[in-house]
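In my numbering, the protein residues as written are 365 to 503.
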């Protein structure tokens with residue numbers, strides 16, 4: 365009786381099938397965005413700074429930053445309230461000496477207040493609160 369060599373059969377993986385190939389690609393990360401409570405979406409650049417307030421001014425250390433005026437009829441937002449900084453690892457929020465403060469709330473409900481000059485990390489899904497306005501960080 366002749367023995368059969370089961371391992372000598374043709375390897376089904378030896379044939380090239382384009383559907384079976386694994387291709388490694390670098391993950392593309394989109395730049396973060398801010399979704400304002402008005403429904404307006406602000407795309408942030410991969411790196412850089414955006415100043416928000418009633419009438420923000422890019423002066424001093426913030427020269428060259430983008431600015432975004434936020435409608436605030438109740439005057440709960442300072443003229444230049446916060447800096448939103450994108451540093452390549454994510455979004456940082458810095459209070460610029462506002463009167464009514466700045467805080468970041470996670471989807472789990474953790475609230476972190478930022479004192480003047482303090483930077484607080486804000487991830488996707490977090491809510492940035494300035495005065496009576498709310499902005500969600502998105503991707």
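Virtual Cβ for every residue (Gly too), placed ideally from N, Cα, C.
Computed from a predicted structure; not experimentally measured.
For residue 499, DSSP records a beta bridge to 400 and 492.
Sequence-distant Cβ neighbours of residue 431 in its own chain, meaning closer than 6 Å and more than five residues away, are 415, 420 and 422. Judged by beta-carbon spacing, residue 449 lies within the 8 Å limit of residue 413, meaning their Cβ atoms are closer than that value. Beta-bridge pairing by DSSP links residue 413 to 449. Excluding its 5 nearest sequence neighbours in each direction, residue 461 has C-beta neighbours in its own chain below 7 Å: 480, listed in chain order. Take residue 488, set aside five residues on each side of it, and the residues of its chain with a beta-carbon closer than 8 Å to its own are 396, 501, 502 and 503, in chain order.
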